[in-house]
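Chemist: According to numbering that gives the first Met the number 0, the sequence shown holds residues 0 to 205 in order. Note that beta-carbon positions come from the ideal geometry of N, C-alpha and C, so glycine has one too. Since the model is a prediction, treat every value here as computed from it, not as a measurement.
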Amino acid sequence: MLKRKARIAVFVSGGGTNLQALLEAERDGAIPDGEIVLVLSNRADAYALERAKSFGVERAVVDRERFPDAADRERETARILEERRIDLIVLAGYLSILGREFTARYEGRIINVHPSLIPSFCGKGYYGLKVHEAALSYGVKVTGATVHYVNEIPDGGKIILQKAVEIEEGDTPESLQKRVMREAEWKILPRATEIVCKKLTGETDR
């Protein structure tokens with residue numbers, strides 16, 4: 000009898016490099032307990048949707064143009080997820096803070112990748128290049144990435160995995176961003192996704 004796989008929705012807002020890492024990991028057998036069945040964006044022009052299309056994954060858009068009210072957006076998002084029987088939500092460059100009601104509804108079933116070693120350089124206002132600008136401005140010698148569960152506090156959920164990346168002489172926010180993605184985010188996000196999928200499908204001891 001084939002074991003059921005966790006059904007995954009990946010939320011995106013931009014280029015989708017982390018989505019690409021997830022899709023390639025699934026293709027290569029690195030997420031055996033999960034299946035990416037939906038990519039959802041809050042921006043209709045997100046290039047990540049093209050990446051999803053190239054892998055044959057269903058796409059959906061829930062944006063401000065059609066749903067100006069945040070509560071309405073989250074209700075529509077939840078409706079789409081319920082229709083597709085989604086088990087796990089992976090935030091991969093999703094630039095929108097989910098509300099308390101939504102995160103409570105999917106407690107233990109939403110994870111996010113953040114480009115720093117939480118609790119450093121995280122929380123409201125820390126996203127994209129701003130995280131790396133802050134790390135360089137502060138003068139830290141080591142940064143990295145974190146995958147964590149999502150709750151109502153931005154970047155406040157329990158940590159699943161972290162990976163450190165050394166800051167090099169002459170780093171710019173742009174060069175540091177690229178290295179953190181390549182050396183940390185793209186490695187730990189698929190691994191953390193598999194960890195949670197295994198847990199959700201009851202295979203924690205395999």
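For the beta strand (DSSP E) that Ala134 lies in, which residues bound it at each end?
Modeler: Reading the sequence shown from its first residue, position 135 is the one you call residue 134. Run containing Ala134: none in the beta strand (DSSP E); it sits in the alpha helix (DSSP H), Leu128 to Tyr137.
Chemist: Put Arg6 into one of helix, strand or coil per three-state DSSP.
Modeler: Here residue 6 corresponds to residue number 7 of the sequence shown, with the count starting at 1. Looking at Arg6 - three-state DSSP - the assignment turns out to be strand.
Chemist: Below 8 Å on the Cβ atoms is my contact criterion, and I expect Ala144 with Pro172 to pass it. Report the Cβ-Cβ distance as a whole number of Å.
Modeler: If you number the sequence shown from 1, residue 144 lands on position 145. If you number the sequence shown from 1, residue 172 lands on position 173. In this structure Ala144 is not in contact with Pro172, their Cβ atoms being roughly 15 Å apart against a cut-off of 8 Å.
Chemist: Taking C-beta to C-beta, are Cys121 and Asp170 nearer than 7 Å?
Modeler: Within the sequence shown, residue 121 is the residue found at index 122, counting from 1. Within the sequence shown, residue 170 is the residue found at index 171, counting from 1. Result no, Cβ atoms of Cys121 and Asp170 do not sit closer than 7 Å.
Chemist: Would you call the segment 94-111 and the segment 21-40 in contact, with 3 or more CB pairs under 8 Å?
Modeler: no
Chemist: Quick one: give me the first and last residue of the alpha helix (DSSP H) that Ser95 is part of.
Modeler: Here residue 95 refers to the residue found at position 96 of the sequence shown. Counting along the chain, Ser95 falls outside any alpha helix (DSSP H), and DSSP gives it neither H nor E.
Chemist: Please name the residue in Ile117, Leu22, Leu37 and Asn41 whose C-alpha comes closest to that of Pro67.
Modeler: What you label residue 67 is simply residue 68 of the sequence shown in a count that begins at 1. Closest by alpha carbon: Asn41.
Chemist: Identify, in the order they occur along the chain, each residue of the same chain with its Cβ nearer than 7 Å to the Cβ of Thr203, setting aside the five sequence neighbours on each side.
Modeler: For the purposes of this step, residue 203 is taken as residue 204 along the sequence shown, with counting starting at 1. With a pLDDT of only 45 at Thr203, under the threshold of 50, the placement of this residue in the model should not be trusted; the figure read from the coordinates follows. Around Thr203: Lys197.
Chemist: Cβ atoms of Glu184 and Asn17: under 7 Å apart, would you say?
Modeler: Counting from 1 along the sequence shown, the entry for residue 17 is found at position 18. Counting from 1 along the sequence shown, the entry for residue 184 is found at position 185. Yes, Cβ-Cβ distance for Asn17 and Glu184 is below 7 Å.
Chemist: Please report the residue range of the beta strand (DSSP E) in which Ser40 lies.
Modeler: The residue given as residue 40 occupies position 41 in the sequence shown. Ser40 -> beta strand (DSSP E) spans Gly33 to Ser40.
Chemist: Looking at Val146: is its Cβ nearer than 7 Å to the Cβ of Val164?
Modeler: Within the sequence shown, residue 146 is the residue found at index 147, counting from 1. Within the sequence shown, residue 164 is the residue found at index 165, counting from 1. Cβ atoms of Val146 and Val164: not closer than 7 Å.
Chemist: What residue range does the beta strand (DSSP E) around Leu87 cover?
Modeler: The residue labelled residue 87 in the question sits at position 88 within the sequence shown. Counting along the chain, the beta strand (DSSP E) containing Leu87 begins and ends at Leu87 to Leu90.
Chemist: Roughly how many whole angstroms lie between the Cα atoms of Thr142 and Leu116?
Modeler: Looking up residue 142 in the sequence shown gives position 143. Looking up residue 116 in the sequence shown gives position 117. The alpha-carbon of Thr142 is positioned some 6 Å away from that of Leu116.
Chemist: Check whether the Cβ atoms of Arg50 and Gly15 sit closer than 7 Å, and answer yes or no.
Modeler: Here residue 50 is taken as the residue at index 51 of the sequence shown, counted from 1. Here residue 15 is taken as the residue at index 16 of the sequence shown, counted from 1. Yes. Within cutoff.
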